[in-house]
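Chains as they are written, first to last, in my numbering: chain A, 57 to 329; chain B, 1154 to 1574.
Here is the structure we will look at.
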């Protein structure tokens, strides 16, 4: 009898203790998910969720391939020469007409990079901007693999050189990121947030508008609030017959629209006839 | 020990050398080379690798996938020993647990270097993003590694050094430690069935998710496939068990004759062969679906371009027929073949097949990537060549695997004392 009692105590107690420890550890981890001790916020401006939806229109007919958007972005976001948020490439229409395609991050409504991130280091803000929390990122690069637009750039090394694009294209406005984290275009969120706090309108006031839009010499890039029908971006979208988005077949729903080259519009309307 | 262990030796004239020490020295060199590479990576960051923003996953991820796959026998035999209660597989099951532990610890080790921020390796465990397959895999691998340690510890603790060493008899402190370890080992042994069930669910989850990691990426054409998860699971079960068979023949037939019956080894071979044939069957349907039933221009271009720089299609056919179909059939009919030389040679096939599947999966979608331009999307070829620190770390972790196995093959008590009561 006594032996039996001893036995159950011996095997029973540690098991109970183990379950208690494991259970409370799991509980603590689950509760921690509600509170993340990081600097990045989903709603830094404090506006009502969904009040703004920032978007961009790029008129391919106006783009001259000068690369100023790339350089201004590298100056303002303090990027080394080989890291580009914006890429300008020479492409072709179906008829063989050449045009320049300048590509920031598409700021997808359903971003593949956000879905795959194992730690939630990249996330969608309430105003639709897809951004990064550099303190969370572990540098696994799954987001790069998932992004169909090749929009993500990794810090393969520590950035120590002076900024090559200052002062011609602007001055660094954000902190440098550490080695081994991922980064991306975030529509110059620091400009939008501080601009809104000062009562400026992003897309109209230059200080609250992404650097690439401000610098564009031909006005090919237009920025603004897609939720506001009076914003420059909504107006130009309303007046464009066939705006396009990149890789629409993937249902990522980009918030960057393109006005297609004139040659392509005429050929496709001829096809319809 | 009631079993004598025969150590492989080489003869030079009249002198005999213990092969173990030479082998051990070679592996230690490999491991040291790995440490040099690891220092480079940790000191200077991932710029010392050949990886780019276009090909961000390379040699290390392929090694990681392969070593996890080849540890796949641990959950298969956990189920066979603890749930189906087939006692004759118990000794082989111990080797399977060891291979599982080695596979998963190798993968964790190499992944650590692959992270841009190695010191944040614990982030997925604390900052959850439960939509991510990689999060799920990380959690499963962490938990499963814990289970494998819990399964391996009692086996290691059975070694006489933990109960019969003179220090334990003379020193009170060591005596208490030894008593504690014995109780712990007993407790873990009793928890065996529960560990096997949890291990099975965790393994099926993450082995499949490793395939799904690639399978869900719609933007990558070749990868986007619902078959990837099941291919990864079946090839891990087949390839992992085939590796277990090869090493069982070495550890039990060569080094410990009589510990495991030939009949049991034949059954291990049959499991490996059966799983491999199932994998090949699914793979052929997958091939038919991507090439015939749903012809896609982009995928076809991707394949065409991959064929220009590598024997992509050839690797598929050789991987399936030479390394899977024929060896699978041989292993399945092991009771008729009854020749361990042929069977061991055949078992190399599924191992290579499981590895090739993962290497082609990892590289195909990255090397031949689809452009995003709106009117004339095409496929562009990216290049990637591993640099010496990558090879060094790769050789280092493989040396670690082999070192762990070699030490275990010589010293691990495979013959259970507790299991025989």
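Where is the CB? At the ideal position from N, CA and C, for every residue including glycine.
Given the structure is predicted, the values throughout are model-derived calculations rather than measurements.
8 Å contact criterion, which residue i and residue j should meet: CB distance rounded
i: residue 306/A; j: residue 1517/B; result: Going by Cβ atoms, the distance from residue 306/A to residue 1517/B rounds to 19 Å, so no, they are not a contact pair.
i: residue 1215/B; j: residue 1256/B; result: At roughly 14 Å, the Cβ-Cβ gap does not stay under 8 Å, so residue 1215/B and residue 1256/B are not in contact.
i: residue 177/A; j: residue 192/A; result: 4 Å
i: residue 312/A; j: residue 301/A; result: 7 Å
i: residue 1231/B; j: residue 1252/B; result: Rounded, the Cβ-Cβ distance is 12 Å, inconsistent with contact.
i: residue 1527/B; j: residue 1194/B; result: Between residue 1194/B and residue 1527/B the Cβ distance is about 39 Å, and since that is not below 8 Å, they are no contact.
i: residue 1534/B; j: residue 1521/B; result: 6 Å
i: residue 241/A; j: residue 141/A; result: 4 Å
i: residue 1213/B; j: residue 1294/B; result: The pair is not a contact, with the Cβ atoms about 15 Å apart (cut-off 8 Å).
i: residue 1274/B; j: residue 1265/B; result: 6 Å
DSSP-derived helix/strand/coil call for residue i
i: residue 128/A; result: helix
i: residue 1307/B; result: helix
i: residue 1372/B; result: helix
i: residue 1534/B; result: strand
i: residue 1521/B; result: strand
i: residue 284/A; result: coil
i: residue 268/A; result: helix
i: residue 1473/B; result: helix
i: residue 1285/B; result: coil
i: residue 199/A; result: helix
i: residue 162/A; result: coil
i: residue 1424/B; result: helix
i: residue 1403/B; result: helix
i: residue 1290/B; result: helix
i: residue 1442/B; result: helix
i: residue 1186/B; result: helix
i: residue 1297/B; result: helix
i: residue 1502/B; result: helix
i: residue 57/A; result: Residue placement at residue 57/A is flagged as unreliable, the pLDDT there being 40, under the threshold of 50; the coordinate-derived value follows with that caveat. DSSP places residue 57/A in coil when its eight states are reduced to three.
i: residue 307/A; result: coil
i: residue 20/A; result: The structure shown does not extend to residue 20/A, since chain A spans only 57 to 329, so no value can be given for it.
i: residue 122/A; result: coil
i: residue 232/A; result: coil
i: residue 89/A; result: coil
Residues that residue i contacts on chain B, provided the C-beta gap is smaller than 7 Å
i: residue 141/A; result: By Cβ distance, chain B contributes nothing, its closest Cβ being about 12 Å from residue 141/A, past 7 Å.
i: residue 130/A; result: Per Cβ cutoff of 7 Å: no residues; residue 130/A is ~15 Å from chain B at best.
i: residue 306/A; result: 1371 and 1372
i: residue 293/A; result: Per Cβ cutoff of 7 Å: no residues; residue 293/A is ~16 Å from chain B at best.
Opposing strand residues paired with residue i [DSSP bridges]
i: residue 187/A; result: 179/A
i: residue 314/A; result: 114/A and 300/A
i: residue 1163/B; result: 1170/B
i: residue 145/A; result: 157/A
i: residue 277/A; result: 114/A
i: residue 258/A; result: 261/A
i: residue 209/A; result: 239/A
Contact list for residue i against chain B, beta-carbon separation under 8 Å
i: residue 168/A; result: 1370, 1371 and 1372
i: residue 314/A; result: 1527
Residues that residue i contacts on chain A, provided the C-beta gap is smaller than 8 Å
i: residue 1525/B; result: 159, 204, 205, 206, 302 and 303
i: residue 1442/B; result: Within 8 Å Cβ-Cβ: nothing; residue 1442/B doesn't reach chain A, min ~19 Å.
i: residue 1342/B; result: Here the premise fails: no neighbours, minimum Cβ distance about 12 Å.
Chain A residues whose Cβ lies nearer than 7 Å to that of residue i
i: residue 1273/B; result: 194
i: residue 1280/B; result: 92, 175, 176 and 192
Listed by chain order, chain A residues near residue i by CB distance under 9 Å
i: residue 1386/B; result: Here the premise fails: no neighbours, minimum Cβ distance about 20 Å.
is_contact[residue i, chain C] using C-beta, thresh 7 Å
i: residue 236/A; result: Of the chains in the structure shown, none is chain C; the protein chains are A and B.
Proximal chain B residues relative to residue i, where beta-carbon distance stays under 9 Å
i: residue 320/A; result: 1527 and 1528
i: residue 118/A; result: Result: empty, since nearest Cβ-Cβ is about 16 Å, beyond 9 Å.
i: residue 75/A; result: Under the 9 Å cutoff, chain B gives no residues; its nearest Cβ is about 12 Å from residue 75/A.
i: residue 85/A; result: 1278, 1279 and 1281
i: residue 88/A; result: 1279, 1280 and 1281
| task | Mind checking the region 189 to 221 of chain A against chain B and listing, in chain order, the residues whose C-beta falls within less than 8 Å of any C-beta there? | result | Only those residues of the region 189 to 221 of chain A whose C-beta falls short of 8 Å from the nearest C-beta of chain B are listed: 192, 193, 194, 195, 196, 197, 198, 200, 201, 202, 203, 204, 205, 206, 208, 209, 210, 211, 212, 213 and 214.
| message | Along the region 143 to 175 of chain A, where does the CB come closer than 8 Å to a CB of chain B? Name the residues. | response | Flagged, chain order: 145, 147, 148, 149, 150, 157, 159, 168, 171, 172, 173, 174 and 175.
| Got a sec: which bits of the region 1207 to 1231 of chain B sit with their beta carbon under 8 Å from any beta carbon on chain A, in order along the chain? | Cβ contacts with chain A come from 1207, 1209 and 1210.
| said: Tell me which residues of the region 1289 to 1318 of chain B have at least one Cβ-Cβ distance to chain A shorter than 7 Å, keeping chain order. | reply: Flagged, chain order: 1291.
| query | Relative to chain A, which residues along the region 1525 to 1559 of chain B have a C-beta separation below 9 Å, given in chain order? | reply | Under the 9 Å Cβ criterion, the region 1525 to 1559 of chain B contributes 1525, 1526, 1527, 1528, 1529 and 1530.
| query | In chain order, what residues of the region 1183 to 1202 of chain B put their CB closer than 7 Å to some CB of chain A? | reply | Correct list: 1198, 1199 and 1200.
| request: Report the residues of the region 1247 to 1268 of chain B with a CB closer than 7 Å to any CB of chain A, ordered along the chain. | output: Residues passing the 7 Å Cβ filter: 1268.
| field | Residues of the region 252 to 284 of chain A whose Cβ lies closer than 9 Å to any Cβ of chain B, in chain order | value | If the cut-off is 9 Å between Cβ atoms, the region 252 to 284 of chain A has nothing near chain B.
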